[in-house]
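A.B. asks: Residue numbers (the working numbering): 302 to 408. Structure below; questions to follow.
Written out as structure tokens, the structure reads:
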């Protein structure tokens, strides 16, 4: 018998989608690393673990939407991510579609 999805699970799924868009947005503006993005989410009131955030970075990189670069900062290696052309196309398309949906939701 199939288990019914809880409202918390559904909200989490929605938020992960928006977080991917938000990550692509920031990676299009500048290089970003995990801890910095975690702080950005906290500023918006989202409490997400690094165990949730880093797999999002890795999946987006694996699928060609982000690329990474290791940079030494104050003696430590940080993995910075930037958006790829493929990521830019997806971000543009996603912005258009979410704008359409939110316009309808706000009617």
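Cβ coordinates follow ideal geometry from the N, Cα and C atoms, glycine included.
In terms of alpha-carbon separation, which member of 370, 339, 378, 315 lies closest to residue 385?
C.D. replies: Sequence index remark: in the chain shown, residue 385 carries index 84 (1-based). Answer by Cα proximity: 370.
A.B. asks: Starting from residue 371, trace the beta strand (DSSP E) in both directions and tell me its first and last residue.
C.D. replies: Mapped onto the chain shown, residue 371 falls at position 70. Counting along the chain, residue 371 sits inside the beta strand (DSSP E) bounded by residues 367-374.
A.B. asks: Return the CA-CA distance between residue 381 and residue 346, expressed in angstroms with no decimal places.
C.D. replies: On the chain shown, residue 381 is found 80 positions in, with the first residue counted as 1. On the chain shown, residue 346 is found 45 positions in, with the first residue counted as 1. Between residue 381 and residue 346, the C-alpha separation is close to 23 Å.
A.B. asks: Counting pairs of beta carbons, one from the stretch 353-365 and one from the stretch 311-322, are three or more of them closer than 8 Å?
C.D. replies: yes
A.B. asks: List the whole-angstrom C-beta distance separating residue 383 from residue 368, where the pair is believed to meet the contact cut-off of C-beta under 8 Å.
C.D. replies: Within the chain shown, numbered from 1, the residue matching residue 383 stands at position 82. Within the chain shown, numbered from 1, the residue matching residue 368 stands at position 67. Indeed, because the Cβ distance is near 6 Å, the residues count as touching under 8 Å.
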